[in-house]
Each structure stands twice: as C-alpha cells, then as structure tokens.
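Single-structure report; data block below.
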Amino acid sequence: MHEMALAESVREIVQETACANGARGVSTVRLEIGRLAQVELDAMRFAFDVVKHGSLAEQARLDIVEVDGTAWCMPCATPVVISQRGQACPQCGSYQLQVTGGDRMRVMDIEIV
Amino acid sequence: MCMTCGCSTGTARVDKASSGHDGHTHTHADGTTHSHGHEHLAGHPHEHLHATGPLHFGNGPAGNSVPGMSQARLVQIERDILSKNDSLAQRNRAALAESGVFALNLVSSPGSGKTTLLVRTIELLAGRLTVAVIEGDQQTTFDADRIRATGAPALQINTGKGCHLDAAMIETALSRLQPLPDSVLMIENVGNLVCPACFDLGEAHKVVVLSVTEGEDKPLKYPDMFYASSLLLLNKIDLLPHLQFDVERCLAYARQVNPGIEVIQLSATTGAGMDAWLAWIERGAQAARRQQPTGHQAHAHASQRQGQVQGQAVAPNPA
C-alpha cells in the first residue's frame, strides 16, 4: 500500500503550489499515471481521499489520466504499446523490449479558487 | 508565463526556492519593465494591480469573467510524485559516492533468507571488506541484533505501518550509522515484493533475493521488482532436490521482465555459490572506492568512528 505514501507526496506538492499561488482552496487535482508506474488507481483514490483532509485540497476532486506503457522493440526496431512489464512484443513476441514511456507518475496541474 | 499575474518571468513551479512571488521583474502592456516584491498571506487571492496597469479578468482557464463567480485558475505543475524522495535519494547517493561506500538495497518477500544471507556474507567478507547494515522492518530489532552479533555495525529502522524504506529514512540512518569510507553498506528493505521497487534510496543497485521455496513464477507476478533490480540472488538452492522448482523457467521469467538482470544461484546455509556473490560485491566495492583517497587523514577519521557505532532504532513517521 505504498499509494498512501504517494498520496501524501501529492498532497504536499498540491499544498505547496496552492499556497505559493495564494489559493483559498483547490477544486481539482489532475495526475498522470503511467500503466507501468506501479500504482493501483483505486488505492490511490482511496489514499488521496484520506490524506487530503485538513489541506487546501480538502474539497478537491482527483482526476487521473492514465498513460499507455510504451516500449522499443529491438527485433522490430519499432515502438510498441504494452500494458505491463514482462509482456512480449505484440508484433513479434520478443521480450527484448526497452520501456520508453508510461512508467511515470506526475502531478500535472491543479485548479485553484 | 506566470499563471497568477500574467508576467513573463513568474512561473508556477513549486520548488520552494523559486515559487515565491516575493519579488520579480516584469513588463507591462505600456512597455515599462520593473522589479518589485509583493508579500501576501496564504489564502489571500493573488491579484496585484498597479494604478496605471491594465486590469485583466481574462487570465482564468475560461478566458473571461462571470460576475459573482470566482474564476478557478489552472496551475501547471508537471512534477513527479516521487520527486522529493528522488532528490533525497540523489543526495544520499552523492554522500555515499563521496566516501566511496558501495550501497546495496536488498529487496525480497518476507522469508527469502535475506538476513541469514547477510550474516553469512559479513562473516565471509571479514578481513576483506567492512560491512555496515541498515535493517528495515515494520517492528522489532531482531534483524539488527542478528547482524550486530557478527560484530558489524547495524541500525534498525522500524517503519511502523510503512511497507517500504524511503530516502528520508536512509538519510537519517546514514547520519547515525556513518558507514566507514570505502566500505559496503547493505540496506535490507522491508520484506515486500511490491512497494520497495518504487523508492530509490540512493543505492548503487537493488538486489532482489528470491528463494526457491517461493515459486518460480514470482518474476512475472511481481515484475516491477525484478525490473528495478540489477542482480537476482536465487537463494536456498540446497533445497532444490526436495522441491518442484524449475530454475531455468524462473530465470527465463526474470529475463523476460529484465533482459539485463544478472543472476547468482546460492545457498547461504551450505555456502554454495557464495564465492560468486562475494566476488560481485568486491568488484562493486572496488569501483565505488574513492578515486583519490585522502590518505591518513581519512583513515584517522575512520578509526575514530570505529567501535562507536552501536546503532539505535530509528522510528520514522509512518508513510
């Protein structure tokens, strides 16, 4: 359940940004989570609901944008989409894949009031 | 562009050093450029106007203003959720590199034999390399006690409800443990094949320990951990005759997830394969060693610290 620790980081980033921008509150927090980023989205939503209390994001809605995992297939020499690590290339079946995207988790933006 | 007032130099970055609007330079529509500070209280809306400057109501996301309705403002952040942990980890890594310490982050499920492996490793490295250990567990100091029985300095971190070690805990632990220059630091993470994969501690490598009693499909069930690790130690191989464990299949799964992963098969109990593991550590420690040792000064410093590291439990905030 490391999502709780991640949610606390989100709250911290949101709180810092909201304070720096003189916000009275935060209405929306938008995250971008890659499908390879080791995050269970339901756990993340639950954890954020718990940790947002007492912060400027207390009333905030959490929007999560999921991003496909992408990798470079060496035999095909082409980019492919994968849903988890250890998955074969959907074109040639090789495991010689280098992940190129969809492994990050970021706070993209917040809407403040 | 500053999302607050529209000036060209302000940004919505969250770094503490640059997020303030305590002072900045900006250009107005009439062409005048100047610098100024403008303090305000948190919670107070951030409009600031100059008597002669233009009055904007169209800077919100809607681009216009509706009387009686406050405009929500979109503040771009685009910051990694783990950025704070990662920057602390980099700080740890730099501090370890400076003193030539080769740090390994040992990860596995509970019961894979990490502590027994560590005890055996420390005993076999005696006289060749100095090893210090940071132990991570939710509760108890059992593991650190076992390590200290070998004579090596060990510090127990109890994470409480936490399921992993993070870089801030290691920073605190390093300040207490103070590993000797040019030594080896083993960080035994909380037994968990999921969460510790996410958290960089500042180590040179993650080393995943998998015992043959766990099932050969673990690399596919928990791919992130095997992807994050540089080395797989397949432990308890002395038990293979009693088990239905397909070593080749297990290693194929691990390489499926991480084609570059190195593998050493060993048994901490019988000592089989330990030579390869010790040689791997010695190669890493050699590479990590300070390029230009500062001579007797560093040595004196090291001797002074030797023996005084007893280790106490660190109780970080549950995360």
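Sequences listed follow chains W and S, in order. Position 34 of the first sequence, counting from 1, maps to 62 under this note's numbering, and the rest follow consecutively. Position 54 of the second sequence, counting from 1, maps to 275 under this note's numbering, and the rest follow consecutively. All C-beta atoms, glycine included, are put in the ideal place defined by N, C-alpha and C. The model shown is predicted, which means the values in this text are computed figures rather than measured ones.
is_contact[residue i, chain W] using C-beta, thresh 9 Å
i              : result
I298 (chain S) : yes
H385 (chain S) : yes
N410 (chain S) : no
K305 (chain S) : yes
R369 (chain S) : no
I378 (chain S) : no
S240 (chain S) : Its pLDDT being 35, under 50, S240 (chain S) is placed unreliably in this model, and the value from its coordinates should be taken loosely. Cβ-Cβ to chain W under 9 Å: yes for S240 (chain S).
Q507 (chain S) : no
V415 (chain S) : yes
C471 (chain S) : no
S322 (chain S) : Note on residue identity: the sequence assigns Val, not Ser, to residue 322 (chain S). It does not: the Cβ of V322 (chain S) has no partner Cβ on chain W nearer than 9 Å.
I482 (chain S) : no
R476 (chain S) : yes
R294 (chain S) : yes
A425 (chain S) : no
F420 (chain S) : yes
R496 (chain S) : Note on residue identity: the sequence assigns Asp, not Arg, to residue 496 (chain S). It does not; no Cβ of chain W falls within 9 Å.
I302 (chain S) : yes
Among the options, nearest to residue i - alpha-carbon criterion
i              : options                        : result
V67 (chain W)  : S:R369, S:E299, S:L303         : S:L303
D421 (chain S) : S:V430, S:M446, S:L431, S:E469 : S:M446
S320 (chain S) : S:S432, S:R476, S:Q311, S:P400 : S:P400
K457 (chain S) : S:Q477, S:A493, S:Y474, S:K439 : S:A493
Q477 (chain S) : S:K442, S:P402, S:N410         : S:K442
H81 (chain W)  : W:R39, W:Q124, W:R52, W:E139   : W:R39
K382 (chain S) : S:D403, S:I298, S:V411         : S:V411
N306 (chain S) : S:V433, S:V428, S:E435, S:C419 : S:C419
E356 (chain S) : S:A449, S:D467, S:L386, S:N479 : S:L386
A46 (chain W)  : W:S83, W:D77, W:R73, W:F76     : W:S83
L398 (chain S) : S:C384, S:V415, S:I378, S:P417 : S:I378
S488 (chain S) : S:R511, S:A318, S:S333, S:A449 : S:S333
A449 (chain S) : S:L461, S:V429, S:E409         : S:V429
R113 (chain W) : W:L125, W:P107, W:T106         : W:L125
A373 (chain S) : S:Q359, S:T351, S:F363         : S:T351
Beta-carbon contacts of residue i that lie in its chain and below 7 Å, excluding the five residues immediately before and after
i              : result
G289 (chain S) : Residue confidence for G289 (chain S) is low, a pLDDT of 49 falling below 50, so the modelled location carries little weight; the figure read from the coordinates is stated next. Excluding residues within five positions, none has a Cβ falling inside 7 Å.
N313 (chain S) : A388, I391, E392, L395, L422, G423
E36 (chain W)  : V79
L309 (chain S) : A388, A389, E392
L345 (chain S) : M495, L499
L460 (chain S) : V433, T434
G264 (chain S) : Any reading at G264 (chain S) must be qualified, since the residue scores a pLDDT of 41, below 50, and its modelled position is unreliable; the value itself is stated next. Cβ neighbours of G264 (chain S) beyond the five flanking positions: none.
Sequence-distant residues of the same chain with beta carbon closer than 8 Å to residue i, five excluded per side
i              : result
S122 (chain W) : C101, M102, P103, C104, A116
D91 (chain W)  : T56, V57, R58, L59
M133 (chain W) : L34, L59, E60, I61, G62, A65, V67
A508 (chain S) : F323
V141 (chain W) : A51, R52, G53, V54, S55
Q43 (chain W)  : S83, L84, A85
P331 (chain S) : G412, N413
Residue-level contact to chain S via CB, residue i, 9 Å cutoff
i              : result
Q124 (chain W) : yes
I92 (chain W)  : no
V38 (chain W)  : yes
E158 (chain W) : Residue 158 (chain W) lies beyond the residue range present for chain W, which begins at 29 and ends at 141; the question has no answer from this structure.
T128 (chain W) : no
V135 (chain W) : yes
I41 (chain W)  : yes
H30 (chain W)  : yes
L69 (chain W)  : no
R132 (chain W) : yes
Cβ neighbours of residue i in the same chain (closer than 6 Å, five flanking residues each side left out)
i              : result
M29 (chain W)  : none
S451 (chain S) : H426
A475 (chain S) : P440, F447, L453, I482
G130 (chain W) : G62, R63, L64, V95, D96, G97, T98
I368 (chain S) : V354, A375
V322 (chain S) : P400, S404, L406
C471 (chain S) : E437
P444 (chain S) : V478
E86 (chain W)  : K80
C120 (chain W) : P103, C104
Interface flag, residue i vs chain A, CB-CB below 9 Å
i             : result
L34 (chain W) : The chain inventory of the structure shown lacks chain A, comprising the protein chains W and S.
Problem - Residue ranges of each alpha helix (DSSP H) within the region 395 to 464 of chain S, 4 or longer - result: 439 to 442, 444 to 449
Exercise for the section: Let me know the alpha helix (DSSP H) ranges lying completely inside the region 319 to 399 of chain S, each 4 residues or longer, listed in chain order. Expected result: 335 to 346, 363 to 369, 388 to 398
Practice task
Residues of the region 97 to 118 of chain W with a CB closer than 7 Å to any CB of chain S: list them in chain order, please.
Solution key: Q112, R113, G114
Exercise for the section: Output, in sequence order along the chain, the residues in the region 441 to 456 of chain S whose CB is closer than 7 Å to any CB in chain W. Expected result: L441, P444, D445, Y448
Practice task
Identify each residue in the region 45 to 67 of chain W for which the Cβ-Cβ distance to at least one residue of chain S is less than 7 Å, and report them in chain order.
Solution key: Residues of the region 45 to 67 of chain W with a C-beta atom less than 7 Å from some C-beta of chain S are T45, C47, A48, N49, G50, R52, S55, Q66, listed in chain order.
Problem - Selection of the region 386 to 400 of chain S by Cβ proximity to chain W, strictly under 8 Å - result: D387
Handout entry: Secondary structure, alpha helix (DSSP H): runs of 4+ residues fully inside the region 36 to 101 of chain W
Key = Taken in chain order, the complete alpha helix (DSSP H) segments of 4 residues or longer contained in the region 36 to 101 of chain W are 69 to 79.
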